[in-house]
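A.B. asks: Chains as they are written, first to last, in this note's numbering: chain A, 6 to 364; chain B, 6 to 364; chain C, 6 to 364; chain D, 6 to 364. Before we start, here is the structure in question, set down as structure tokens.
Number of protein chains: 4
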Amino acid sequence: MAGSTYGTIFRIMTWGESHGKGVGVTIDGCPAGLPLCEEDVQTYLNRRKPGQSKFATARNEGDQVEILSGVFEGKTTGTPIAMMVRNTDQRSKDYSAIMDVYRPGHADYCFEQKYGFRDYRGGGRSSARETIARVAAGAVACKLLAHYGITVNAYVKSIGEFEIDPKRFDLSERDNNSLNMPDKVAAEETAEFLERMIAAQDSVGGVVECLVDGMPVGVGEPVFDKLDASLARAIMSIGAVKGFEIGDGFAAAKALGSQNNDEFYVDAYGKVVKKTNHAGGILGGMSDGSQIVLRAAFKPTPSIAQPQKTANNHGENVEIAIKGRHDPVVVPRAVVVVEAMTALTIVDLLLMGKNARLD
Amino acid sequence: MAGSTYGTIFRIMTWGESHGKGVGVTIDGCPAGLPLCEEDVQTYLNRRKPGQSKFATARNEGDQVEILSGVFEGKTTGTPIAMMVRNTDQRSKDYSAIMDVYRPGHADYCFEQKYGFRDYRGGGRSSARETIARVAAGAVACKLLAHYGITVNAYVKSIGEFEIDPKRFDLSERDNNSLNMPDKVAAEETAEFLERMIAAQDSVGGVVECLVDGMPVGVGEPVFDKLDASLARAIMSIGAVKGFEIGDGFAAAKALGSQNNDEFYVDAYGKVVKKTNHAGGILGGMSDGSQIVLRAAFKPTPSIAQPQKTANNHGENVEIAIKGRHDPVVVPRAVVVVEAMTALTIVDLLLMGKNARLD
Amino acid sequence: MAGSTYGTIFRIMTWGESHGKGVGVTIDGCPAGLPLCEEDVQTYLNRRKPGQSKFATARNEGDQVEILSGVFEGKTTGTPIAMMVRNTDQRSKDYSAIMDVYRPGHADYCFEQKYGFRDYRGGGRSSARETIARVAAGAVACKLLAHYGITVNAYVKSIGEFEIDPKRFDLSERDNNSLNMPDKVAAEETAEFLERMIAAQDSVGGVVECLVDGMPVGVGEPVFDKLDASLARAIMSIGAVKGFEIGDGFAAAKALGSQNNDEFYVDAYGKVVKKTNHAGGILGGMSDGSQIVLRAAFKPTPSIAQPQKTANNHGENVEIAIKGRHDPVVVPRAVVVVEAMTALTIVDLLLMGKNARLD
Amino acid sequence: MAGSTYGTIFRIMTWGESHGKGVGVTIDGCPAGLPLCEEDVQTYLNRRKPGQSKFATARNEGDQVEILSGVFEGKTTGTPIAMMVRNTDQRSKDYSAIMDVYRPGHADYCFEQKYGFRDYRGGGRSSARETIARVAAGAVACKLLAHYGITVNAYVKSIGEFEIDPKRFDLSERDNNSLNMPDKVAAEETAEFLERMIAAQDSVGGVVECLVDGMPVGVGEPVFDKLDASLARAIMSIGAVKGFEIGDGFAAAKALGSQNNDEFYVDAYGKVVKKTNHAGGILGGMSDGSQIVLRAAFKPTPSIAQPQKTANNHGENVEIAIKGRHDPVVVPRAVVVVEAMTALTIVDLLLMGKNARLD
């Protein structure tokens, strides 16, 4: 095992580099009987595709998914589901400018030190294309969660200093703008700011927020496989994520216990519910039945067009200007990746929980 | 597997409840030849012991560790190292006040829904005593890391609104105050604030920061087992943690790429190093050779003495006042737990990385 | 991980050496709600205890199990169940005769080469005492299987050339003789033979057979986690086992398809059953609903009193005579170990199978 | 996880059905720097291909492997190696004769009970085509073992009552006959017998033996991940295997300790070696430096042309005659599969063993 496996019950293994033949994923452990077709997966892949707006890279690849196994007569069979997306945009390029240079903010130096050499044609396994495999598997996980009445929705909460206004929050608005912000006004203001970033040959970070509704109580295992711990790993495993919060997150570190504790009460239907949700839907590492709220902080895109100082693998200090089109911000395209990783994590713990007590 | 296993190569399994016979851990995968004695472990356990100050719970248990296996003639043998701490403070108590009540901010409700019933005598597996097993295993991990020249040091960065001043930062000061703050002035001011919290029968959250020095380049696996993702899971699996950051963390979401990228350069010894460390020592999920910096946000202790409204398992709305002494803040005792989980994570990925390339 | 972990859902980790403080096991993943007490486990441990007859080693240790966690008010809580048996027979001995010698048929040489040194006081992790942990965990697995109507029974089928007669097979007879043979006559004849072995300072091998009744259809995962493959690993992991068979085993390699295929038919209750059971209850790696039949071949006890030639770790050829009492045959005490490993394997795959299809 | 994952360090996940789009495998954990090309893998795949002789099925598929990722400039990069073989022989057929019938000796009934329905077009995941993925991954494992000086060679030892004569054993002869027997005379005699089997519309079982040379001492983990236990699982996971032996296997159960113990001695070079090899190269679950010898017993091919009685999923007793060409014996094509599983197992434990002691 070397890092490309995720999950215990609903387990995936991903493969593929940005400049190889393609990227793919195999799911080992999807229950039999789930209706599934390529369109179910393609819908999710289309949401992460580059080239949808001027703020995303122009590389317009088809990214058509092919389901290779595990589905028969429109339903999953319980055997491994292999999926693949061929790389179609592999124009031969001149890599001489970057093949021996360590790009700042990238993993070039680490790859070379760890493995002895590296695929210098792009980010290799650190490329954003790697997330195609996550999203394809995540689409299946979302479909399985839907079977249990659980829905996962992420969106851009902020880009740089620009943030959505909770009073204007409208999830349906998210898909109407290329920034995936559920606030039309914020999206427009942010778009103007990003124009200035492009002009300045710079980039900026942002925050993605994700909500999970319909959770049963008790998903997540005590101690090490807590739901929040598992989500943290899942989200932090997405390239460029530098911070993770559940519920009030870092704000809870400044709160008092009397404020932060969520009061339980018995509602009109006799159900135990919480009055507030500072906990973000998780207590003791287990879902408590309320909405799960998580946030991921993404750093600015490290590839920027302005000249940067760095070193190369000949032991020289050099200056580089990274060519090609790069997103000035990564969060809009990361929204569906956050959904995918959230769904993959929840589905795995949900299935694991089926053995929590004797039936 | 139900959540009490951690690690792949250096793997631990923990057990024990707050009011059972004890807590313990078994390590399967510690290399042979490491000098180890009970004192090595006891030193770490003493750092998490309650009763060290008026801000920590008075339950003064011995918490003496016993190494049960895996060590022969003072060295690890390569076979499982079992360790146990007996619970000694098991005075029979009257649990009738809490046995059917869902304490706010606690996992009582989740445990009951998940397993059908629960050990109502304390937090069970959610008790702070569970961390004894983590710290015992972490002590061994720290000793193994030291063999490779790696050191792990955590401390309290803030409690409520009170924060250490970077200009006064002095790690050696950490062990001189019961709050484990590496800043004498901040510790004194915070202590006064905590007195007021106790008087108000309230609690408060805080932030623990952890530094790792001496890291080689390339620890961490691309994609899902990234070093930062693994650390996030490790730290978020500690009870009460609601947020995690690596390097600049959430601040990176507001930064520009031109600011956030760390410039590489060749130093006087011909070594490639970074000028800044916004990344917190990790690029592409692999250590980059600079200091690792991480932070964990802890929520306020949920057990507070003031009356709280809640529900019980008879479907009634009730009010409770949680008796007994409880820390008004959890972070001072959590410092060594953060070190333990950090060490366990790094040692596992370090050993895994030995197979990254052909020898 | 270094070999002392077993199972995925019902996962155990064992520890302990023959001459350390004790041996133990932790179970992570036993569902909540199973009635369990120490007597349940002790009953199984008593069946593997030495000193029950003149054919077993005289070391009469109490082997009293202590359940340390995971049980509350007589039922499992869903959290880890830790169990321990203290070593009580640790008289200080003179090991100078064997501490630098590689005993033939033992793992001394391998341990020393692999780990750099070894615990020379006994077999260490290769000691028969290691099986205490397996049997303790196996007792819990058997209790869980009983909840699902599944029973596991092993017995000695043969010792040397002496074999039970199928016509005299009577399982209830197994516990009436110290050889655990379900055939009184065969047990008596074999006992005489073993007297001669003791006189000759020699030992002999044997075969244990195990039957599993009450299996539902479909336990076992296709491809690598087939039920038979998992059982093979489980049984072969018991020290001294050199061969494994399911159903007709090696005899199937000489059979014709027309003989070996088990005919399906619909019985009087409308149920699909098999007329014969050459397959031993497993088809395509999954249980087929009929009785599971497996066999394990054990080599002769390697510790024999007669002088043997060997080498030591000073590079010298030497002669040794292994002192102390040793069983002339290992299979009678191995019967309960085979049951334990069979139960641990089936319970793990049974629980895993709960996610085979959508509910 | 549902059975299609194998290995811990050198981990593979396989996918694909006999009548789907293809079969494939991804390797996660192959060290970087191993020279690898498609020809390396194709050589192994060609050895399992059907249609090489009249005793193998006529389905002549190309089985051309495509390496999709993980190799750059002719060397493995340390990232996942995905490989795929497209199914090319998917003529539309009439499955009405078998789609609701449980073929004797096949897993049809188990699949249907476990998953609720099944892919009736062939064996699905139980098809012999599933082994393509094992062999492709095994080819990479063999190449990696060769780097460490380890070679793996299997051959047919017996078919029905026909067995190779040890006096005529010549491994180079193995590839000269379509039965993969390292004994020309035995191969000719067996071929005549198989002609009679075909005429009789029957099939027969056989035994494959596998030798591993060049093993270092100490590969394999004590207790559950013993080398022999791991090999047993690996080999028993191949369809149709009903028995497994290491070294003397079942014969050891009839032997005396004085015969079965292998004497150690110091050879002329000062090296500790064994005079005999009853143990088959493994002591205490670890390689002892001598040749590893294992055997697998395969049952007769269950698909036979003569009419058979069985049941269908409408609850009726029926008779079927399985059409199409089927091998009268499976062992010749299984030889390379046994090599593959042996290599995958050894390479995984070899890499795991790198952390056995401090470096």
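The beta-carbon is built from N, C-alpha and C at its ideal position, and this holds for glycine as well. These numbers come from a predicted model, not from an experiment.
Going by C-alpha to C-alpha distance, which of D:Leu216, D:Ile243, D:Thr48 sits closest to Ser131 of chain D?
C.D. replies: Numbered from 1 along the fourth sequence, position 126 holds the residue referred to as residue 131 of chain D. Here the closest residue by C-alpha is D:Ile243.
A.B. asks: Am I right that Asn4 of chain B and Gly110 of chain A are in contact with their C-beta atoms under 8 Å? What's the rounded C-beta distance?
C.D. replies: Look at the range of chain B in this structure, 6 to 364, and you will see that residue 4 of chain B is not part of it.
A.B. asks: Quick one: list the residues of chain D neighbouring Phe77 of chain A, beta-carbon separation under 7 Å, in chain order.
C.D. replies: Along the first sequence, read from residue 1 onward, the residue named residue 77 of chain A stands at position 72. Near Phe77 of chain A (Cβ distances below 7 Å), the residues of chain D are Asp124.
A.B. asks: Could you tell me whether any Cβ in chain A is nearer than 8 Å to the Cβ of Thr84 of chain C?
C.D. replies: By 1-based counting over the third sequence, the position of residue 84 of chain C is 79. Yes, contact with chain A.
A.B. asks: Rounding to the nearest angstrom, what Cα-Cα distance links Met357 of chain C and Leu355 of chain A in this structure?
C.D. replies: Translated into positions along the third sequence, residue 357 of chain C becomes position 352. Translated into positions along the first sequence, residue 355 of chain A becomes position 350. Approximately 13 Å between the Cα atoms of the pair.
A.B. asks: Hey, does Lys26 of chain C have any beta-carbon neighbour from chain D nearer than 8 Å?
C.D. replies: Residue 26 of chain C sits at position 21 when you count from the first residue of the third sequence. It does not; no Cβ of chain D falls within 8 Å.
A.B. asks: Between Thr31 of chain B and Met89 of chain C, how many whole angstroms is the CB-CB distance? I'm expecting something under 8 Å.
C.D. replies: Taking the first residue of the second sequence as 1, we reach residue 31 of chain B at position 26. Taking the first residue of the third sequence as 1, we reach residue 89 of chain C at position 84. Not a contact, Cβ separation roughly 11 Å.
A.B. asks: Could you give the distance in angstroms between the alpha-carbon of Gly219 of chain B and the alpha-carbon of Ser235 of chain A?
C.D. replies: Looking up residue 219 of chain B in the second sequence gives position 214. Looking up residue 235 of chain A in the first sequence gives position 230. About 28 Å.
A.B. asks: Between Ala348 of chain D and the rest of its own chain, which residues show a CB-CB distance below 6 Å, the 5 nearest in sequence each way excluded?
C.D. replies: Mapped onto the fourth sequence, residue 348 of chain D falls at position 343. Closer than 6 Å at Cβ, skipping near neighbours: Gly143, Ala146, Cys147, Leu150, Val157.
A.B. asks: Under a Cβ-count criterion, where at least 16 other Cβ atoms within 10 Å of its own Cβ denotes burial, should Arg16 of chain D be classed as buried or exposed?
C.D. replies: Within the fourth sequence, residue 16 of chain D is the residue found at index 11, counting from 1. Its Cβ being crowded by 16 or more others within 10 Å, Arg16 of chain D is buried.
A.B. asks: What's the call for Ile115 of chain D, buried or exposed, on a 16-neighbour Cβ count within 10 Å?
C.D. replies: Start at 1 with the first residue of the fourth sequence, and residue 115 of chain D comes out as number 110. Here residue 115 of chain D is Cys; the residue named in the question, Ile, does not match the sequence. Cys115 of chain D comes out buried.
A.B. asks: May I ask you to report which of helix, strand or coil DSSP gives Phe249 of chain A?
C.D. replies: Residue mapping note: residue 249 of chain A aligns to position 244 of the first sequence, counting from 1. DSSP places Phe249 of chain A in strand when its eight states are reduced to three.
A.B. asks: Provide the residue span of the beta strand (DSSP E) that contains Thr315 of chain B, from first to last.
C.D. replies: As a position in the second sequence, residue 315 of chain B is number 310, starting the count at 1. Thr315 of chain B -> beta strand (DSSP E) spans 313 to 316.
A.B. asks: Just how far apart, CA to CA, sit Asp267 of chain A and Leu39 of chain C?
C.D. replies: Stepping through the first sequence from its first residue, residue 267 of chain A is reached at position 262. Stepping through the third sequence from its first residue, residue 39 of chain C is reached at position 34. If you take the alpha carbons of Asp267 of chain A and Leu39 of chain C, they lie about 33 Å apart.
A.B. asks: Would Val70 of chain B and Leu50 of chain B be called neighbours here (beta carbons separated by less than 8 Å)?
C.D. replies: The residue you call residue 70 of chain B lines up with position 65 of the second sequence. The residue you call residue 50 of chain B lines up with position 45 of the second sequence. Yes, these two residues count as a Cβ contact at 8 Å.
A.B. asks: Ser308 of chain B and His331 of chain B - do their beta-carbons sit closer together than 8 Å?
C.D. replies: For the purposes of this step, residue 331 of chain B is taken as residue 326 along the second sequence, with counting starting at 1. For the purposes of this step, residue 308 of chain B is taken as residue 303 along the second sequence, with counting starting at 1. Cβ atoms of His331 of chain B and Ser308 of chain B: closer than 8 Å.
A.B. asks: Run through the DSSP bridge pairs and tell me what Gly21 of chain B is partnered with.
C.D. replies: Along the second sequence, read from residue 1 onward, the residue named residue 21 of chain B stands at position 16. Answer by DSSP bridge pairing, in chain order: B:Val28.
A.B. asks: Taking C-beta pairs closer than 7 Å, name the residues in chain A that Ala361 of chain D reaches, listed in chain order.
C.D. replies: The residue given as residue 361 of chain D occupies position 356 in the fourth sequence. Result: empty, since nearest Cβ-Cβ is about 18 Å, beyond 7 Å.
A.B. asks: Distance, Cα to Cα, Ala205 of chain C vs Ala196 of chain C?
C.D. replies: Along the third sequence, read from residue 1 onward, the residue named residue 205 of chain C stands at position 200. Along the third sequence, read from residue 1 onward, the residue named residue 196 of chain C stands at position 191. Answer to the nearest angstrom: the Cα atoms are 14 Å apart.
A.B. asks: Assign Met88 of chain B to one of three DSSP states: helix, strand, or coil.
C.D. replies: If you number the second sequence from 1, residue 88 of chain B lands on position 83. Strand.
A.B. asks: Just to confirm my understanding: we take Arg300 of chain C, look at its own chain, exclude 5 residues before and 5 after, and list those with CB closer than 6 Å. What are they?
C.D. replies: Mapped onto the third sequence, residue 300 of chain C falls at position 295. Closer than 6 Å at the Cβ level, and outside the excluded window around Arg300 of chain C, lie Val212, Glu214, Glu250.
A.B. asks: Nearest to Met346 of chain C by CA position, among C:Asn317, C:Arg238, C:Gly320, is which residue?
C.D. replies: Residue numbering aside, residue 346 of chain C sits at position 341 when the third sequence is read from its first letter. For the residues C:Asn317, C:Arg238, C:Gly320, the minimum Cα distance to Met346 of chain C belongs to C:Arg238.
A.B. asks: Answer yes or no: does any C-beta atom of chain A fall closer than 8 Å to that of Ala63 of chain B?
C.D. replies: By one-based count along the second sequence, residue 63 of chain B stands at place 58. With a pLDDT of 48 at Ala63 of chain B, under the threshold of 50, the modelled position of that residue is not reliable, and no figure is offered here.
A.B. asks: With three or more C-beta pairs closer than 8 Å as the rule, is the segment 186 to 200 of chain B touching the segment 162 to 170 of chain B?
C.D. replies: Yes, the segment 162 to 170 of chain B touches the segment 186 to 200 of chain B.
A.B. asks: If you check the beta carbons only, do Ile351 of chain B and Ile155 of chain B fall under 8 Å apart?
C.D. replies: Counting from 1 along the second sequence, the entry for residue 351 of chain B is found at position 346. Counting from 1 along the second sequence, the entry for residue 155 of chain B is found at position 150. In contact: Ile351 of chain B and Ile155 of chain B (Cβ atoms closer than 8 Å).
A.B. asks: With the cut-off set at 8 Å, would you say Lys231 of chain A and Gly320 of chain A are in Cβ contact?
C.D. replies: As a working mapping, residue 231 of chain A is identified with position 226 in the first sequence. As a working mapping, residue 320 of chain A is identified with position 315 in the first sequence. Against a cut-off of 8 Å, the Cβ pair of Gly320 of chain A and Lys231 of chain A comes out as no contact.
A.B. asks: Measuring CB to CB, does Gly252 of chain D end up less than 8 Å from Asp207 of chain C?
C.D. replies: Taking the fourth sequence and counting its residues from 1, one reaches residue 252 of chain D at position 247. Taking the third sequence and counting its residues from 1, one reaches residue 207 of chain C at position 202. No.
A.B. asks: List the endpoints of the continuous beta strand (DSSP E) containing Ile325 of chain B.
C.D. replies: The residue you call residue 325 of chain B lines up with position 320 of the second sequence. Where Ile325 of chain B is concerned, the enclosing beta strand (DSSP E) stretches over 322 to 325.
A.B. asks: Along the chain, where does the alpha helix (DSSP H) containing Glu268 of chain D start, and where does it finish?
C.D. replies: On the fourth sequence, position 263 is the one that residue 268 of chain D refers to. Where Glu268 of chain D is concerned, there is no enclosing alpha helix (DSSP H), given that its DSSP letter is neither H nor E.
A.B. asks: If contact means a Cβ-Cβ distance below 8 Å, which residues of the segment 26 to 57 of chain A contact chain C?
C.D. replies: Flagged, chain order: Gly34, Pro36, Ala37, Gly38, Leu39.
A.B. asks: For Ser74 of chain B, return the contacting residues in chain C, with the cut-off set at a CB-CB distance below 7 Å.
C.D. replies: Taking the second sequence and counting its residues from 1, the one referred to as residue 74 of chain B is at position 69. The contacting residues are Trp20, Gly21, Glu22, Gly25, Lys26.
A.B. asks: Evaluate Asn181 of chain A with the Cβ neighbour count: other Cβ atoms within 10 Å of its Cβ, from every protein chain shown; 16 or more gives buried, anything less gives exposed.
C.D. replies: Along the first sequence, one-based indexing puts residue 181 of chain A at 176. So Asn181 of chain A ends up on the exposed side.
A.B. asks: Whole angstroms are fine: how far does the CA of Ile86 of chain B sit from the CA of Arg134 of chain B?
C.D. replies: Numbered from 1 along the second sequence, position 129 holds the residue referred to as residue 134 of chain B. Numbered from 1 along the second sequence, position 81 holds the residue referred to as residue 86 of chain B. Their Cα atoms are separated by approximately 20 Å.
A.B. asks: Below 8 Å on the Cβ atoms is my guess for Glu117 of chain B versus Arg108 of chain B; work out the distance and round it to an integer in Å.
C.D. replies: Position 112 of the second sequence holds residue 117 of chain B. Position 103 of the second sequence holds residue 108 of chain B. Rounded, the Cβ-Cβ distance is 12 Å, inconsistent with contact.
A.B. asks: Report the neighbours of Pro109 of chain A on chain C: residues whose CB is nearer than 7 Å to its CB, in chain order.
C.D. replies: Position 104 of the first sequence holds residue 109 of chain A. None at all; the shortest Cβ gap to chain C is about 37 Å.
A.B. asks: Compute the Euclidean distance between the alpha carbons of Ala37 of chain B and Gly121 of chain B, then round it to the nearest angstrom.
C.D. replies: To locate residue 37 of chain B, count along the second sequence from 1; it is residue 32. To locate residue 121 of chain B, count along the second sequence from 1; it is residue 116. Rounded to the nearest angstrom, the two C-alpha atoms are 42 Å apart.
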